[in-house]
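**Student:**
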Amino acid sequence: MSFGVVAVISYVVFCASLTTLIWHWLYEARSDYAEEHFQFLRDSSTTQFLDSVFNAAIFACFVGVITFAMVGLMLYQWKRTVVLMVQLAYLSLLITLPLTIVGDLLDAVGIGENLLLLLLAGFVFLYFSVGFLAFFTNRFPARLVRIFAALNCALISVILLRCLPHQTIWPILLVDIVWDFFSVRAGPVRKMLESSHEYGGDIVKFVMLTTADDNNKDDTELEDDEQLDTRNAYQVLNSGGAQLGMGDFVFFAILVGRTWADHPSCAIAAMIGIAVGLVVNFAVSSDLNPDRYTFELKNNLTREQLIYRREGWWNWLVVRCPIERDEDKWAVWEKEAIEWEWDRQRNRIAIHFNNMDIGDGMLDANDEGPSEPKK
Numbered sequence: 001m002s003f004g005v006v007a008v009i010s011y012v013v014f015c016a017s018l019t020t021l022i023w024h025w026l027y028e029a030r031s032d033y034a035e036e037h038f039q040f041l042r043d044s045s046t047t048q049f050l051d052s053v054f055n056a057a058i059f060a061c062f063v064g065v066i067t068f069a070m071v072g073l074m075l076y077q078w079k080r081t082v083v084l085m086v087q088l089a090y091l092s093l094l095i096t097l098p099l100t101i102v103g104d105l106l107d108a109v110g111i112g113e114n115l116l117l118l119l120l121a122g123f124v125f126l127y128f129s130v131g132f133l134a135f136f137t138n139r140f141p142a143r144l145v146r147i148f149a150a151l152n153c154a155l156i157s158v159i160l161l162r163c164l165p166h167q168t169i170w171p172i173l174l175v176d177i178v179w180d181f182f183s184v185r186a187g188p189v190r191k192m193l194e195s196s197h198e199y200g201g202d203i204v205k206f207v208m209l210t211t212a213d214d215n216n217k218d219d220t221e222l223e224d225d226e227q228l229d230t231r232n233a234y235q236v237l238n239s240g241g242a243q244l245g246m247g248d249f250v251f252f253a254i255l256v257g258r259t260w261a262d263h264p265s266c267a268i269a270a271m272i273g274i275a276v277g278l279v280v281n282f283a284v285s286s287d288l289n290p291d292r293y294t295f296e297l298k299n300n301l302t303r304e305q306l307i308y309r310r311e312g313w314w315n316w317l318v319v320r321c322p323i324e325r326d327e328d329k330w331a332v333w334e335k336e337a338i339e340w341e342w343d344r345q346r347n348r349i350a351i352h353f354n355n356m357d358i359g360d361g362m363l364d365a366n367d368e369g370p371s372e373p374k375k
């Protein structure tokens, strides 16, 4: 098990533990916020089961509409709009999260109103400033950025636990599992990943926690920091290291926090199950590395070899190379192919593992690409 996997699991444990601590110590595991502010989350029928299904359906529709809207913007190449929406959503969280939870904390302590407002304004300003510097600049070490991201997810989880009644939590978690399976395999998330090469690498930190930086750079090296700025999102996502979406952090934190309300042993069992599941997931993912799924196909017309190498879950790097090649020249040539971004050809190629066949969309002979290595 790599250091990156251990690091991601430790961030998950930190997020879930902080969520459980805040929700049980500060709010006494109550979900009264929903009944006070959201009419549609109140009991409206004779059975809690129907209420929970109805609430879960509303929640799923809300998430689905936002996700498909983002995919539509990405497909129509509204890059600036997509980046702006992600950044504005993050900035709004930097204000609302501390404003809500820290405000309740100071109110529970019993501080006077004037002092409470002053302390709250100061803490919100501090939280916003740290979050802005962490995610919009490269002044913070990558590990501190990940800790801050896990903190954000914990605060989001606390608010959701307060907003969602007890009987609504479980259907929503079930719907989330089904949605993730569809979204990652054939839905919006897959489309987003396929378009990731069009966006800068900095956008990844807003939606996903990745330990790739630990494998590729030292936090103290300025040259590597500058190199990190030039990578696109696709390169960051496929640069090695363990990765986990922010939504998964929230999901796990809600699960652990909710089960703790039933019994601490249930929460501990849930946390162990999450850790084991992550280890298995990362182990399976590591088996799909480029070295395991590299193969060559001969082009009888040009007498070249077409090299297919997995760059991600659905993405392949396709390059051409003469049949008789020198290994040193091949290494340089492959690097040149990556710089030419031949991975953009991936959507035109269908690969069948059973017969190693190429489907529709064979690369055109006149496609622009890297030159052959000089002999």
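The sequence shown begins at 1 in UniProt numbering and counts up by one.
Idealized CB from N, CA, C, for every residue including glycine.
Small disclaimer: the values here were computed from a predicted structure and weren't measured.
State the CB to CB distance for the pair threonine 100 and isoleucine 159, rounded to an integer number of angstroms; the pair is presumed to be in contact (CB under 8 Å).
**Tutor:** The pair is a contact, with the Cβ atoms about 6 Å apart (cut-off 8 Å).
**Student:** Among Leu155, Leu118 and Ala242, which one has its Cα closest to the Cα of isoleucine 22?
**Tutor:** When each option's Cα is compared against that of isoleucine 22, the closest is Leu155.
**Student:** So which of Ala29, Ala56, Tyr11 and Arg80 has the shortest CA-CA distance to tryptophan 170?
**Tutor:** Ranking Ala29, Ala56, Tyr11 and Arg80 by Cα distance to tryptophan 170 puts Ala56 first.
**Student:** Can you tell which of Leu161, Ile177, Gly273 and Phe249 has its C-alpha closest to the C-alpha of glutamate 28?
**Tutor:** If we check each option's Cα against that of glutamate 28, Leu161 comes out closest.
**Student:** Buried or exposed for asparagine 152, going by 16 or more other Cβ atoms inside 10 Å?
**Tutor:** Buried is the call here.
**Student:** Check this for me: beta carbons of valine 5 and phenylalanine 282, under 9 Å apart or not?
**Tutor:** Closer than 9 Å, so yes.
**Student:** From what residue to what residue does the alpha helix (DSSP H) around residue 434 run?
**Tutor:** A query on residue 434 cannot be resolved here, the shown segment of the chain reaching from 1 to 375 and no further.
**Student:** In terms of residues, what are the limits of the alpha helix (DSSP H) holding glutamine 87?
**Tutor:** That run of the alpha helix (DSSP H) goes 79-109.
**Student:** Helix, strand or coil, according to DSSP, for glycine 277 in the structure here?
**Tutor:** Three-state DSSP puts glycine 277 in a helix.
**Student:** For phenylalanine 49, count neighbouring Cβ atoms within 10 angstroms of its own Cβ and tell me buried if that reaches 16, exposed if not.
**Tutor:** By the 10 Å Cβ count, phenylalanine 49 comes out exposed.
**Student:** Compute the beta-carbon to beta-carbon distance between tyrosine 90 and phenylalanine 206, rounded to the nearest angstrom, for a pair I have assumed lies under 8 Å.
**Tutor:** Their Cβ separation, rounded to whole angstroms, is 5 Å, which keeps tyrosine 90 and phenylalanine 206 in contact under 8 Å.
**Student:** Do alanine 134 and valine 124 have their C-beta atoms closer together than 9 Å?
**Tutor:** Against a cut-off of 9 Å, the Cβ pair of valine 124 and alanine 134 comes out as no contact.
**Student:** From the DSSP output, read off the bridge partner residues of glutamine 243.
**Tutor:** Paired residues: Thr210.
**Student:** Buried or exposed: which applies to proline 98, given that a residue is buried once 16 or more other Cβ atoms fall within 10 Å of its Cβ?
**Tutor:** Flag for proline 98 reads buried.
**Student:** Straight-line CA distance for aspartate 176 to valine 256?
**Tutor:** Taking the straight line joining both Cα atoms gives about 15 Å.
**Student:** Can you tell me the Cα-Cα spacing of leucine 120 and asparagine 114, whole angstroms?
**Tutor:** So the two alpha carbons sit approximately 10 Å from each other.
**Student:** Looking only at its own chain, which residues have a Cβ that is under 6 Å from the Cβ of cysteine 15, when we skip the five neighbours before and after it?
**Tutor:** Excluding residues within five positions, the ones whose Cβ falls inside 6 Å are Ala150, Cys153, Ala154, Phe249 and Ala253.
**Student:** Could you check the C-alpha separation between aspartate 202 and alanine 69 for me, to the nearest Å?
**Tutor:** Going by the C-alpha atoms only, they are around 21 Å apart.
**Student:** For valine 71 and isoleucine 111, what's the separation of their Cα atoms in angstroms?
**Tutor:** Near 46 Å, if we compare the C-alpha coordinates of isoleucine 111 and valine 71.
**Student:** Of the residues Lys79, Gly131 and Asp262, which one's Cα is nearest the Cα of aspartate 93?
**Tutor:** According to the sequence as given, residue 93 is leucine; it is not aspartate. Residue Gly131 is the option with its Cα nearest to leucine 93.
**Student:** Please state the DSSP three-state secondary structure of leucine 26.
**Tutor:** DSSP places leucine 26 in coil when its eight states are reduced to three.
**Student:** Pull up the distance between the alpha-carbon of alanine 142 and that of threonine 19, whole angstroms please.
**Tutor:** Between alanine 142 and threonine 19, the C-alpha separation is close to 22 Å.
**Student:** Could you tell me if tryptophan 25 is buried or exposed, where buried requires 16 or more neighbouring beta carbons within 10 angstroms of its beta carbon?
**Tutor:** Counting Cβ neighbours within 10 Å, tryptophan 25 comes out exposed, since fewer than 16 surround it.
**Student:** Pull up the distance between the alpha-carbon of valine 279 and that of methionine 271, whole angstroms please.
**Tutor:** In a straight line, the C-alpha of valine 279 is about 12 Å away from that of methionine 271.
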